[in-house]
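One structure is given below, encoded as structure tokens.
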Amino acid sequence: MPQSDQPIVECLKAEVDESHAGQRLDRFLSEALPQLSRTRVQALIKKGQVASSGATIEDVKYRVKPGDSFELAVPEAAETTLQGEEIPLNVVYEDDALIVIDKPAGLVVHPGAGQPSGTLVNALIAHCGKSLSGIGGVARPGIVHRLDKDTSGLMVVAKTDQAHRGLAKQFADHGRTGSLERGYFALVWGAPAKTKGRIEGAIGRHPTSRTKMAVLRKDKGRHAVTHWRLVESYGQDKDGPMASVLACTLETGRTHQVRVHMAHTGHPLLGDPLYGRGFKSKLQKLPQSVQDTVGRLDRQALHAERLAFIHPVSGALLEFNSALPDDLAEIAFSLKDL
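Numbering-wise, this note's numbering comes out as the position in the sequence shown, counting from 1, plus 283.
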């Protein structure tokens, strides 16, 4: 087992079977140990915290073989060096273990190359102080799931390592065997022919645009499933309803999942700058008053409206709902005039 200068919190093991042969080590371990993000796994590998048959492996691109067995020494998370910032937060629930917030559109979740400050993490550090968990990595302490910058709605953040591990396991399972629920309201162009359905399509990096994701062949992307239900449709032209509201729930949690899946079915989100391009002709068909309202939207019309999970300390079921924010509510109201 690799050694560490920091106290070891967990010692994890993973063994390779035939179905994972040939995968990169970082990908295999992040899939075999879903409580660890791929970024966290890569950091552990590079720091010499992964061993196989007594030999340390520091190459994230190492190709695993059937029968390989790996041991990971997961040290205590390092203290974050990020600075707290007094950014207003809409706190829905808070206790000693976690905090649930209703994130506004436009707020980036954690610092990155293009956004070193002014993020939700900076706001949380100021709000929570030293209680904020660091197990998710020093750049994103406490974060167990994310919303895109311009997606609004409910998020839970861990304040302790115990809470972080418990929540991470639930989000890795995506509610398949537990009580986790993640629900979204999506305002989309057009409307599906049925009242409910299931979209299954592997998601991976777009082959020509590195800023986008796309539905790919199963062997090229990561398994992704979105369930949807038609809430309301608006207007009518020769192609059917002009817009609609869908309630979407996630069976998996891939980058841009709802946005990619809805665009793939021919119903991209209103206002989506990446996946809703080419729908200006739809906008032109709307009455001028509705055009003006929809045209002011400067983000994808997606809101995380429901979040339910088991409290990682008390074991209680926590359930939260969030109404559409003002900008999306205004659009939904205006669409009723169609």
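No residue lacks a Cβ here, since even glycine has one placed at the ideal position from N, Cα and C.
Spatial distance of H410 from E369 (CA atoms): 8 angstroms
Is it buried or exposed for C294, if we count other Cβ within 10 angstroms and need 16 for buried? exposed
Mind checking which residues open and close the alpha helix (DSSP H) that includes M438? Note, M438: premise wrong, no alpha helix (DSSP H); beta strand (DSSP E) at 435-441.
Output yes or no for whether 7 angstroms exceeds the beta carbon distance between P524 and A474. yes
With a Cβ-Cβ cutoff of 7 angstroms, do H510 and R481 count as a contact? yes
Let me check one thing: in DSSP terms, what residues is D385 bridge-paired to? L437
Apply the 10 Å Cβ neighbour rule to F616 and answer buried if 16 or more other Cβ atoms are within range, or exposed otherwise. exposed
Buried or exposed: where does N405 fall if 16 or more other Cβ atoms within 10 Å of its Cβ makes it buried? buried
Output the boundary residues of the beta strand (DSSP E) element that contains H510. 508-517
Considering only the alpha carbon of each residue, which of D433, D456, H550 lies closest to L580? D433
Under a three-way DSSP split, which group does Q583 fall into? coil
Taking the runs of the alpha helix (DSSP H) that are 4 residues or longer, which of them lie wholly in the region 547-585? 563-567, 571-578
K344 versus Q398, R321, L308, residue with shortest Cα-Cα distance: L308
Does the region 597-610 come close enough to the region 441-448 that 3 or more CB-CB pairs lie under 8 angstroms? no
Counting Cβ pairs, one atom from each stretch, are 3 or more of them under 8 angstroms apart for the region 448-464 and the region 531-544? yes
Can you check which of these residues, V392, L499, D520, is closest to S564 by C-alpha distance? D520
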